[in-house]
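Remarks on the structure that follows.
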Amino acid sequence: MDSTHIHLLLNHFPVIGTLIGSGLLVWGIFRKQINLQISASVILALMAIIAIPVYLTGEPAEEAVEELPGVSEGLIEQHESAATLAIWIMIITGILALAAFIFNRMQKKQAGVLFIITAICSVLSFAAMARTGYYGGQIRHTEIRSGNATANGEANQENGEGEEDDEEEGGKTNAATDSLGKTPAATDSSGVKTPADKTRKDEDEEKEKDDDD
């Protein structure tokens with residue numbers, strides 16, 4: 001299993017896990033159920049840990065698909081930019097969730113405030129992760145692309161095919177030119193003298209005249 005497989009295997013967990021964790025945390029705060037808040041903080045901390053290998057395997061996955069037909073370079077860049085923002089928000093959320101969990105175990109008053117701050121960050125994390133996943137899905141799933149993204153992908157593919165056609169035509173032209181340049185100027189099959197023969201005959205006649213003089 002290479003980095004691309006790991007990326008494809010894990011990339012859905014931060015999106016779904018952050019949605020579940022943020023939902024449980026908000027509900028636990030609203031209902032004042034500390035057990036839900038603790039469970040949610042553990043889920044969010046785990047999702048932050050999982051998000052790290054997902055982000056690190058993104059670059060090898062990009063190298064594996066960027067040369068495939070129909071892949072848009074613009075969508076890859078959008079996905080990469082969204083992932084960079086999402087990973088930092090997710091890491092901050094994970095740290096806050098872990099701090100809230102520890103403070104609660106130590107029975108400190110700041111735990112309640114940390115749970116609220118973590119809930120806000122978890123909602124932002126889910127939005128950032130969902131946006132990243134949306135752009136990532138468009139890279140290979142052309143059926144969910146917007147019109148501009150689809151047009152860009154098709155244009156890139158057509159440009160690549162056009163360059164290949166130009167190279168093939170250029171090679172054929174050069175080959176034809178070489179073959180013409182190597183054709184000797186001699187008498188054709190019908191016995192009619194070529195211009196080169198006529199030129200040599202004229203030169204011989206001029207030499208004979210000079211000798212007579």
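Per the numbering used here, the sequence shown starts with residue 1, numbered consecutively.
Glycine included, every Cβ here is placed at the ideal spot set by N, Cα and C.
- In the three-state DSSP reduction, Gln107 falls in the coil class, being neither helix nor strand.
- His79 sits away from Gly23, with the two beta carbons spaced by 8 Å or more.
- Counting only runs that start and end inside the region 5-70, there is no beta strand (DSSP E) element of at least 3 residues.
- The beta carbons of His12 and Ala61 sit no closer together than 8 Å.
- Taking C-beta atoms under 8 Å as the contact rule, Phe101 and Val42 qualify, at a distance of about 7 Å.
- The straight-line gap separating the alpha-carbon atoms of Glu73 and His5 is approximately 21 Å.
- Only exposed fits Val113, as fewer than 16 other CB atoms lie within 10 angstroms of its CB.
- Considering only Ile116, Ala128, Thr84 and Ile49, the residue with the shortest C-alpha distance to Leu36 is Ile116.
- In the displayed model, Ser72 falls within coil according to three-state DSSP, outside both helix and strand.
- The Cβ-Cβ distance between Ala97 and Ala45 falls below 8 Å.
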